[in-house]
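Numbering of the sequence shown is given in my numbering, commencing with residue 260 and proceeding in unit increments.
Glycine residues also receive a C-beta, built at the ideal position from the N, C-alpha and C atoms.
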Amino acid sequence: MVFDFKLVIYCFLCNCLSGIYADISGVNGDVSQIWKELNELKTVLLETRLDLSNTRKEFADSRKVLGQELANTKQTLKDTRQDLAETKRELNEIKKVTYRSKAQFDEIHKGNDQKRFLDTANELHELQIDMQNMHQLQVDVQNLKAKMAAVQLQVKISQTPRIGFTSTISQDVVNLGDNQVIRFDRVYTNEGSDYNSLTGIFTCEIPGLYAFYVHTLAEPGKHLETEITKNLQIMAYTYAKDKEAYSSGSNMAVMTLQKGDTVLVRSHGSQHDHNGSVIDSGYTSFSGFLIAP
């Protein structure tokens, strides 16, 4: 029984010693790691001391350079202050000279100011008179131009103008349209050049009493109605229609025209045949002349 108790104690002690040994082994491992880290930290500290030493050296050199530059700057500032003082004295002298010159200038021109003012006033007055005369001259010129235009028109009207034309169609008119202007393109007479063969329109240039005559010839079996217009207002009609033979229509219109009024001949609305040859060119004419201005 005693032996068993000792055995139990022995086993207990062995277990305790094993745990203590394991703890010591773990501590030894931690200590090694700590020494390793201490050595690395030492190395870092040495490098830091070296960098700090170099930095202190560089700082000393920079301080020396800055001290030299500061001394140079102080000297420059001193020289600048002296230059500014000298400039200030020169400016004061210039100011004094300027004041004296201004006083002399004022004294010289003081007596001339009133004369200048009077001369300027006289010049302005004369300029105003010239402008008034120029305006009156412009009015006179405009009046003269108006009178000249009136005289020219009167002279033109008072003369016996030669206004008259006669024109025919150079080829048959086919497929006649509604209200189509008939262009009498072959001109025999055109005194005054008021008739335009390209458009078939007479445009009045000299006001007066005019007479216009139109004669048309329709193709066999065709229906044709035309109208003489003044500013597109109907003044006279023509009518031509025959089932088998040629048919003709003619009329005259006397009218008073003003400058710019137009006279032409056109188909009377849709009162005509549309297809094929409608108007014969050989016997279709348009004439007009001035009776009296």
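Reference residue i, options the options, closest by Cα
i    : options                : result
D532 : N510, T485, T543       : T485
Q430 : K333, T543, Q391, K316 : T543
N510 : G519, N402, M390, Y498 : Y498
Q530 : N351, Y496, E503, K502 : Y496
D453 : V440, S546, V290       : S546
T521 : H527, I493, T346       : I493
D501 : N298, P420, T307, H482 : H482
L516 : G541, L386, N490       : N490
R442 : I487, R348, T332       : I487
P552 : Q413, Y472, F461       : Q413
Proximity of residue i and residue j at Cβ, strictly below 8 Å
i    : j    : result
R445 : T458 : no
L549 : G467 : yes
S506 : A470 : no
N534 : N434 : yes
D437 : G528 : yes
6 Å Cβ shell around residue i - same chain, five flanking residues per side excluded
i    : result
Y447 : T425
V432 : V537, I538
G451 : I422
N449 : F424
V440 : G459, L523, R525
V261 : The predicted model places V261 with a pLDDT of 46, which falls under 50 and marks its position as unreliable, so this point remains unresolved.
H474 : S509, S544
Y358 : none
T346 : none
DSSP beta-bridge partners of residue i
i    : result
Y454 : F461
I422 : Partner(s): none; I422 has no beta bridge.
Q492 : K489
T515 : L468
K554 : In this structure the chain extends from 260 to 552, so residue 554 is not present and cannot be described.
I538 : V432, A477
F202 : It is not possible to answer for residue 202, since the shown part of the chain is limited to 260 through 552.
V446 : S426
T521 : T462
Cutoff 8 Å; reference residue i; Cβ partners in own chain excluding five residues on either side
i    : result
K518 : C463, E464, I465, P466
D389 : none
S540 : T427, I428, S429, Q430, D431, V432
F461 : F424, D453, Y454, N455, F471, T521, V522, L523, G547
Residues near residue i by beta carbon distance below 7 Å, same chain, minus five either side
i    : result
A504 : P479
N558 : With the chain running from 260 to 552 in the structure shown, residue 558 is simply not present.
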